[in-house]
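Counted from 1, the sequence shown has number 304 at position 77 by our numbering; the numbering is strictly sequential. Positions of the beta carbon are idealized from the N, C-alpha and C atoms, including for glycine. On a predicted model such as this, the values are computed, not experimentally measured, just so you know. A short write-up of the structure that comes next.
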Amino acid sequence: MEAQIKEFMDGVRMKNPGEDEFLQAVEEVVETVWDFYQENPHYKKAKILERMTEPERVIMFRVPWVDDNGEVHVNRGFRVEFNSAIGPYKGGLRFHPSVTLSGLKFLGFEQTFKNSLTSLPMGGGKGGSDFNPKGKTDFEIMRFCQAFMSELYRHIGPNTDVPAGDIGVGGREIGYLFGQYKKLRNEFTGVLTGKGIEYGGSLIRPEATGYGAIYFVREMLAEKDDSLKGKTVALSGFGNVAWGAATKAVELGAKVVTLSGPDGYIYDAEGVSGDKIDFLLELRASNQDIIKPYADQFGVEFFEGKKPWDQKVDIAIPCAIQNELNKEDCELLIANGCTLIAEASNMGCTAEAAFLASEKISFAPGKAVNAGGVAVSGLEMSQNSMRINWSEEEVDQKLNQIMTNIHKVCVEYGTGFDGSVNYIKGANIGGFVKVADAMMAQGIV
Ligand code: GLU
Numbered sequence: 228m229e230a231q232i233k234e235f236m237d238g239v240r241m242k243n244p245g246e247d248e249f250l251q252a253v254e255e256v257v258e259t260v261w262d263f264y265q266e267n268p269h270y271k272k273a274k275i276l277e278r279m280t281e282p283e284r285v286i287m288f289r290v291p292w293v294d295d296n297g298e299v300h301v302n303r304g305f306r307v308e309f310n311s312a313i314g315p316y317k318g319g320l321r322f323h324p325s326v327t328l329s330g331l332k333f334l335g336f337e338q339t340f341k342n343s344l345t346s347l348p349m350g351g352g353k354g355g356s357d358f359n360p361k362g363k364t365d366f367e368i369m370r371f372c373q374a375f376m377s378e379l380y381r382h383i384g385p386n387t388d389v390p391a392g393d394i395g396v397g398g399r400e401i402g403y404l405f406g407q408y409k410k411l412r413n414e415f416t417g418v419l420t421g422k423g424i425e426y427g428g429s430l431i432r433p434e435a436t437g438y439g440a441i442y443f444v445r446e447m448l449a450e451k452d453d454s455l456k457g458k459t460v461a462l463s464g465f466g467n468v469a470w471g472a473a474t475k476a477v478e479l480g481a482k483v484v485t486l487s488g489p490d491g492y493i494y495d496a497e498g499v500s501g502d503k504i505d506f507l508l509e510l511r512a513s514n515q516d517i518i519k520p521y522a523d524q525f526g527v528e529f530f531e532g533k534k535p536w537d538q539k540v541d542i543a544i545p546c547a548i549q550n551e552l553n554k555e556d557c558e559l560l561i562a563n564g565c566t567l568i569a570e571a572s573n574m575g576c577t578a579e580a581a582f583l584a585s586e587k588i589s590f591a592p593g594k595a596v597n598a599g600g601v602a603v604s605g606l607e608m609s610q611n612s613m614r615i616n617w618s619e620e621e622v623d624q625k626l627n628q629i630m631t632n633i634h635k636v637c638v639e640y641g642t643g644f645d646g647s648v649n650y651i652k653g654a655n656i657g658g659f660v661k662v663a664d665a666m667m668a669q670g671i672v
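Structure, rendered in structure tokens:
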């Protein structure tokens, strides 16, 4: 089996040289679905895995824009339309200087499985740009978004490809992108999700990824007859995901003690709650991308240039960017008594860290844990199609149900002979089946 996986991966590696993040994401899936793949020869005959690891389409384009001083800049824009077997391509746009084709291919690939797990009809896609929003003025952000959409609009549509936010793309950016799409197409449709409430957005969408992650962690703990009550939690990041996760974790009785930014992390022994959580919104609006002001404002410790994984906590939830928790971090967390790691960011752990964590403690991957964001995007699409708005309670209840169900699917496909749950395997096989069966039904296209 090892040799067959290696042969398969050699093929993928040859086709995608140097795309380390994409190869990491593919390898994790291939390793965990391989047995299942062999047991179902009809998939193998139709080369389902070979087809799933090749994006249906990749669009790459120039994004020229002018800053407030009249200087011209050129960024690169991307949209990776990975898989449309179960619905229109769906996934966020990331604006961050680290964005590359490899990164977006990994995210689009993961998104296909994640969206399948939500049980909603959404294919997988991802896009973005190497544009750095940090320190840019509102007008510069608007001009960049308009320039980006001036090309993207011809490739997307409510029944074709429905982008949303991701790192660096929040409500403000979605507004500018939507405005430009509407102007160019002369059409008011649900072509983007994460929209403002006034123009077709869904309640709970901003909170959804973080809330969903905590609902999933609650289920992981319940599986072991445990709960969030009294648990200490380390979060990384301080954006949308960390904000939602902190809110829900506190509501369910946990204490959040860390947050981080590119500049370091803060440790709040009293717990991040109430006004302190609201302060994160102010921090984000300042567009500076640093967490230190939290420490200054509330008189807590700030650890410059460090990650929060050296603290003694029960639960660690990476909420920032890929590969932000490595093997050494994982060893340290476990040595300090941590018993659960859940990725709220996409591929927040390196492959070694994820492997170690799933051997020693409870570990769940991003495609299951953070699926709540895209799930509520799916609910936003439904509301747009039906031209209705659901209440906060209705959306939250549906989100809760979806996360509970994803957990069930992970348990169904990931439970081993000893009764322990391998969430990586459970999520990968659970996500794979629906997409594979849809591809089988649609022929070789
Ligand atoms: N960017 C988010 C994710 O990684 C949300 C995507 C969406 O809402 O379409 O799942």
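Query - Reference VAL752, options SER609, PHE288, SER513 and ALA496, closest by Cα - result: With the chain represented from 228 up to 672, any question about residue 752 goes unanswered, as that position is not in the structure.
Requested in this report: Within the same chain, show all residues whose beta-carbon is closer than 8 Å to that of PRO489, passing over the 5 residues directly before and after it, in chain order.
Outcome: The beta carbon of PRO489 sits closer than 8 Å to the beta carbons of ASP516 and ILE517 from its chain, once the five residues preceding and following it are set aside; these are given in chain order.
Requested in this report: Give the range of the beta strand (DSSP E) segment to which THR485 is assigned.
Outcome: Start and end: 482-488.
**Report entry** Buried versus exposed, by CB contacts within 10 Å (16 or more), GLY532
**Finding:** Burial call: exposed.
Report task. Determine the direct distance from the alpha carbon of MET574 to that of ARG399, and round the result to whole angstroms. Result -> So the alpha carbons of these two residues sit roughly 26 Å apart.
Requested in this report: Express the C-alpha separation of LEU379 and ALA543 in angstroms, rounding to a whole number.
Outcome: Taking the CA atoms as reference points, ALA543 sits about 37 Å from LEU379.
Requested in this report: Would you kindly report the start and end of the unbroken alpha helix (DSSP H) that includes THR259?
Outcome: From DSSP, the alpha helix (DSSP H) with THR259 extends over 247-266.
Query raised in the report: Should LYS594 be listed as close to ligand 1, given that the test is whether its C-beta is under 6 Å from any heavy atom?
Result: No, since every heavy atom of ligand 1 falls outside the 6 Å radius drawn around the Cβ of LYS594.
Query - First and last residue of the uninterrupted beta strand (DSSP E) at VAL307 - result: VAL307 -> beta strand (DSSP E) spans 299-310.
Query raised in the report: Hey, how far is the Cα of PRO656 from the Cα of TYR408?
Result: The question names Pro, yet the displayed sequence has Ile at residue 656. ILE656 and TYR408 have their C-alpha atoms roughly 36 Å apart.
Report task. Would you mind working out which of ILE548, LEU606, PHE336 and PHE590 sits nearest PHE322, comparing C-alpha positions? Result -> The alpha carbon of PHE322 has as its nearest neighbour, out of ILE548, LEU606, PHE336 and PHE590, the alpha carbon of ILE548.
Query raised in the report: Between the C-alpha atoms of MET630 and VAL293, what's the straight-line distance to the nearest angstrom?
Result: Taking the straight line joining both Cα atoms gives about 43 Å.
Query - Rounded separation between ILE286 and GLN251 - CA only - result: When only Cα atoms are considered, ILE286 and GLN251 end up about 22 Å apart.
Query raised in the report: Which of the three DSSP states, helix, strand or coil, is assigned to GLN287?
Result: Looking at the sequence provided, one finds Met at residue 287 rather than Gln. DSSP, reduced to helix, strand and coil, places MET287 within a strand of the structure shown.
Report task. Please confirm whether SER585 and ILE651 have their CB atoms less than 7 Å apart. Result -> Closer than 7 Å, so yes.
Query raised in the report: Given that a residue counts as buried once 16 or more other Cβ atoms are within 10 Å of its Cβ, and exposed if not, what is TYR640?
Result: Buried.
Report task. Measure the beta-carbon distance from LEU507 to TRP470 and round it to whole angstroms, keeping in mind my assumption that it falls under 8 Å. Result -> Right, their Cβ atoms sit about 5 Å apart.
Query raised in the report: Any chance the CB of ASP556 is under 6 Å from a heavy atom of ligand 1?
Result: No, since every heavy atom of ligand 1 falls outside the 6 Å radius drawn around the Cβ of ASP556.
Query raised in the report: Is any heavy atom in ligand 1 found nearer than 6 Å to the beta carbon of GLY319?
Result: At least one heavy atom of ligand 1 is nearer than 6 Å to the Cβ of GLY319, so yes.
Query raised in the report: Should ASP388 be counted as a contact of ligand 1 given a C-beta to heavy atom distance under 6 Å?
Result: Every heavy atom of ligand 1 is 6 Å or more from the Cβ of ASP388, so no.
Query raised in the report: What residue does the beta strand (DSSP E) around GLY319 start on, and which one ends it?
Result: GLY319 -> beta strand (DSSP E) spans 316-322.
**Report entry** Cutoff 6 Å; reference VAL468; Cβ partners in own chain excluding five residues on either side
**Finding:** Excluding sequence neighbours, VAL468 sits near THR436, GLY437, CYS546 and ALA571.
Requested in this report: Using alpha carbons as the reference points, say which of VAL648, ASN632, PHE644 and VAL672 lies closest to SER343.
Outcome: Among VAL648, ASN632, PHE644 and VAL672, the Cα nearest to that of SER343 belongs to ASN632.
**Report entry** Limits of the unbroken beta strand (DSSP E) element including TYR426
**Finding:** For TYR426, there is no enclosing beta strand (DSSP E), as DSSP marks it with neither H nor E.
Query raised in the report: ALA595 and ALA665 look like a contact to me (Cβ under 8 Å); what is the Cβ gap, rounded to whole Å?
Result: Between ALA595 and ALA665 a beta carbon distance of about 20 Å is seen, past the 8 Å cut, so the two are scored as non-contacting.
Query raised in the report: Helix or strand or just coil, what does DSSP make of PRO545?
Result: The answer is coil: DSSP assigns PRO545 none of H, G, I, E or B.
Report task. Please classify GLU579: is it buried, with 16 or more other beta-carbons within 10 angstroms of its beta-carbon, or exposed? Result -> With fewer than 16 Cβ atoms within 10 Å of its Cβ, GLU579 is classed as exposed.
Query raised in the report: Where do the ends of the beta strand (DSSP E) carrying ASP388 lie?
Result: Here the beta strand (DSSP E) through ASP388 covers 388-391.
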